[in-house]
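The next block holds one structure in the form of structure tokens; read it before the comments.
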Amino acid sequence: MSSAFASQVMSRTRNSKFVLIVRNTNNSEKESLFIQKLQQCCVLFDFVVDPLSDLKWKEVKRAALNEIVDYLTHNKNVITEPVYPEACNMFSVNVFRALPPSMNPAGAEFDPEEDEPTLEAAWPHLQHFFVDTIRFIYETEHHNGIAELLEVLGSIINGFALPLKEEHKMFLLKVLLPLHKVKALSMHHPQLAYCVVQFLEKDPTLTEPEVNMTNESFKSILIDIEGTTVPISFVKDILFPYVRIHLRQYLEKEFSNDECQEALRDLSNLALENGTLPIINLYDEKEKIVKDTLDNVFWQMDSDMKTTALKKLQGLVWKSGFNSKQLVGEVFPDVVPALKKWNDDGINLYIYSSGSVNAQKLLFRYSDQGDMLEFFKGHFDTAIGSKIEEESYLRIAEKIKTAVEDILFLTDSVNEARAATSAGIKTVLLIRPGNQDLPPEIEFECVKSFDDISVFKNNFKK
């Protein structure tokens, strides 16, 4: 639309004229003027190619949208039959549009937890259309005629032949039972109760609990990574050496990056608290800080430490490797089929690993089995507590809002298994190639594959 035409249309209704709708205009004229205001807002402007064009008329339209919201807020019975098509037209003209292409179609996938969103350029106008539409589609939840329909359905249900067809059971589950939740239940409750009772009298098995307690499954599964879903050899022979080789290069390149600076501060604070780690003085020259950081990180890795500060910096180095496709996560072949089945069965899956949450997501996003992040409801690292402390598992249970008796923990570590068990969580130990040998007499169920894991509570000792 040309600027001249847009200006001509936008000039048809001035702000002062709309004020008359609220203050000095009789009811018959208000509707006409309100419709004119809706039509006025059907004019579109360019916010992408030339965002500085038509600034005056863009502001006029924004003010008009504000006036519409204000008018709807402070007046009653203004949404009349002639107004509806104009309101729908205004919404469709402005909202139904071709979305712009991705800003970086060949780049890394957008992560809502890490990346800043790219806002719609026309949002100053668009937000008003969504606000206005909510007012037009307001639902009172008063449904006329339901009682009469249910009365007819009661007679139809009474004539159902036995055994009941599956489609009739689905009607009970998906239509009749949800009707108990509506606010106006009292208006049709006798008829609804009659319909439900007809079903139960015809097939008493419908009253049986859906879950048989002897076959009840866990609601959530907490899963370790190293030695459980991922071979230890991948961590020790690929991930750890990658940090040793590429850490200096990462620090040189990303030294001034906010993520890198935060990781260096965490390492420096840890060294001061610990007293034995090599000190990192962030006020030294860059080369000295880099050297001290290498000494600190390699000292921790040689000592097999699993501090949160170390895991954070390692995760940043691995992130560059996964993004450049130098690293690909290696996952045991039995893992994905089991995760998919548990997901399909409605079991919530969570990761709990010593590696940082960011490192966990990178490993599963860029795994040799494809992107696996869709399987997991959440991720936990040592920020919530050490994996060999009982309190850590209690905190996780609280976070995921699940009772400890409804959680199953999968790990390769006896100490982690004992901590989880102390918290009241059932545990299964994984025996994978390369894992540390288990004690001869172990109190936990041990399996060699996810295929051998039972998710039913009755298969575990009390």
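Residue numbering for the sequence shown follows our numbering, starting at 4 and increasing by one per position.
Ideal Cβ placement from N, Cα and C applies to all residues, glycine included.
Taking the alpha carbon of residue i as the point to measure from, which residue in the options has its own alpha carbon closest?
| i | options | result |
| --- | --- | --- |
| Asn299 | Arg268, Val185, Val200 and Pro442 | Arg268 |
| Ile38 | Val81, Glu62, Met375 and Lys61 | Val81 |
| Val246 | Ser359, Glu394, Ile410 and Phe301 | Phe301 |
| Lys328 | Leu68, Ile410 and Asp371 | Asp371 |
| Val199 | Cys263, Phe174 and Met190 | Phe174 |
| Ala426 | Leu441, Ala274, Glu408 and Asp440 | Glu408 |
| Asp440 | Asn272, Ile235 and Arg368 | Ile235 |
| Ser271 | Leu297, Lys256, Lys390 and Glu34 | Leu297 |
| Ser323 | Ala124, Cys263, Thr208 and Lys186 | Cys263 |
| Phe243 | Val86, His192 and Leu330 | Leu330 |
| Asp305 | Lys239, Thr311 and Arg251 | Lys239 |
| Glu377 | Asn346, Pro127 and Asp295 | Asn346 |
| Lys451 | Asn462, Asn461, Pro443 and Asn438 | Asn438 |
| Ile241 | Phe325, Lys177 and Gly278 | Phe325 |
| Ala187 | Ile428, Pro85, Ala362 and His146 | His146 |
Is the distance from the Cβ of residue i to the Cβ of residue j below 8 Å?
| i | j | result |
| --- | --- | --- |
| Glu392 | Ala422 | yes |
| Lys61 | Phe48 | yes |
| Cys91 | Lys64 | no |
| Tyr197 | Gly148 | no |
| Ser356 | Asp455 | no |
| Gln477 | Glu89 | Residue numbering for the chain in the displayed model covers 4 to 465; residue 477 lies beyond these limits and cannot be assessed. |
| Val46 | Ala124 | no |
| Gln303 | Thr311 | no |
Which same chain residues end up closer than 8 Å to residue i when comparing Cβ atoms and leaving out the 5 residues on each side of it in sequence?
| i | result |
| --- | --- |
| Thr231 | Leu413, Thr414, Asp415, Leu433 and Arg435 |
| Thr210 | Leu203 |
| Asp348 | Ser220 and Val458 |
| Phe133 | Val98 |
| Gly358 | Ile228, Glu229, Lys314, Gln317, Gly318, Leu366 and Asp384 |
| Val341 | First, the residue type needs correcting, since residue 341 is Ala and not Val in the sequence shown. Excluding positions up to five away in sequence, the list reads Phe453, Asp454 and Ile456. |
| Arg83 | Here the sequence assigns Thr to residue 83, which means Arg is not the residue at that position. Cβ neighbours of Thr83 beyond the five flanking positions: Glu34. |
| Lys291 | Asn284 |
| Ala2 | It is not possible to answer for residue 2, since the shown part of the chain is limited to 4 through 465. |
| Pro442 | Val417 |
| Val293 | Arg251, Leu254, Glu255 and Phe258 |
| His191 | Ile149, Ala150, Leu153 and Leu182 |
| Asp337 | Ser452, Phe453 and Asp454 |
Near residue i, which residues of its chain fall below 7 Å by C-beta distance, leaving aside the five closest residues on each side in sequence?
| i | result |
| --- | --- |
| Asn161 | Gln201 |
| Thr430 | Phe412, Thr414, Ala420, Ala423, Thr424 and Phe447 |
| Leu167 | Lys205 and Asp206 |
| Ile387 | Ser395, Arg398 and Ile399 |
| Glu333 | Val233, Pro234, Phe237 and Asp371 |
| Ile24 | In this predicted model, Ile24 has a pLDDT of only 48, less than 50, meaning its place in the structure is not dependable enough to derive any value. |
| Leu179 | Leu195, Cys198 and Val199 |
| Lys364 | Leu376 and His382 |
| Ser223 | Ile350, Asn351, Tyr353, Ile403, Thr405, Asp409 and Ile410 |
| Leu258 | Sequence check: residue 258 is Phe here, not Leu. Within the same chain, Phe258 has close Cβ partners Lys289. |
| Val339 | Gln372 and Met375 |
| Phe163 | His171 and Lys205 |
Assign residue i to one of two classes, buried (16 or more other C-beta atoms within 10 Å of its C-beta) or exposed (fewer than that).
| i | result |
| --- | --- |
| Glu276 | exposed |
| Phe467 | The structure shown does not extend to residue 467, since the chain is modelled only from 4 to 465, so the question has no answer here. |
| Ile410 | buried |
| His183 | exposed |
| Phe237 | buried |
| Leu254 | buried |
| Tyr353 | buried |
| Glu467 | This structure cannot settle anything about residue 467, because the visible part of the chain is limited to 4 through 465. |
| Asp53 | exposed |
| Ile248 | exposed |
| Phe335 | buried |
| Ala66 | exposed |
| Asn418 | exposed |
| Asp295 | buried |
| His77 | exposed |
| Tyr369 | buried |
| Ala101 | exposed |
| Lys79 | exposed |
| Ile159 | exposed |
| Leu225 | buried |
| Leu280 | buried |
| Leu481 | Any answer about residue 481 is impossible in this case: the structure gives the chain only from 4 up to 465. |
Quick one: what's got a C-beta closer than 6 Å to residue i's C-beta in the same chain, skipping five residues either side?
| i | result |
| --- | --- |
| Cys471 | The structure shown does not extend to residue 471, since the chain is modelled only from 4 through 465, so no value can be given for it. |
| Gln194 | Ala150, Leu153 and Glu154 |
| Val360 | His382 and Asp384 |
| Phe379 | Leu352 and Ile354 |
Legend entry - Touching by the beta-carbon criterion (3+ pairs, under 8 Å), the region 282-295 and the region 307-319: Because the criterion of three Cβ pairs below 8 Å is not met, the region 282-295 and the region 307-319 do not touch.
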